[in-house]
Amino acid sequence: MTDLLLNDTNDLLINENTGDWIIGNSDTQHQRLLLVCTKGSFKENPTCGVGVASYLEDENPTALLREVRLQFSSDGMKVSEVAIENNQLKVNATYP
């Protein structure tokens, strides 16, 4: 998917020479935003968002994995895998 790109602090990336916004592949960016944002973060879609920080203290990651799969699928991604490996969230999902 092509969209405006954000930097690591979620500010718009701007071309230093032209002052234009930078546009590019945003699949990973969309996934990161879905993971970090909580429900209610997006006014136009209040049920969107995983809120991964709220799962940090959970001993069983099943609810987190289910919510990631649900949110990514709801956003139109084809989700092949959602797992925890070596204490890292592993997601294989793409937009068709």
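Going by the numbering used here, the first residue of the sequence shown is number 7, and it counts up by one from there. Glycine residues also receive a C-beta, built at the ideal position from the N, C-alpha and C atoms.
Worksheet item: What are the partner residues of Lys96, as DSSP defines its beta bridges?
Response: Partner(s): Ala89.
Worksheet item: Going straight from the alpha carbon of Gln77 to that of Met83, what length do you get?
Response: The C-alpha of Met83 is placed about 9 angstroms away from the C-alpha of Gln77.
Worksheet item: Do Leu70 and Gly55 come within 8 angstroms of each other at the CB atom, strictly closer than that value?
Response: Contact check for Gly55 against Leu70 fails: the beta carbons are separated by 8 angstroms or more.
Item to complete: Indicate whether the contact test is met: 3 or more Cβ pairs, each with one atom in the region 20 to 31 and one in the region 47 to 62, closer than 8 angstroms.
Response: Taking a contact to require three or more Cβ pairs closer than 8 angstroms, the region 20 to 31 and the region 47 to 62 do not qualify as touching.
Worksheet entry | Length of the line joining the Cα atoms of Val85 and Arg72 | Approximately 11 angstroms, taken between the alpha carbons.
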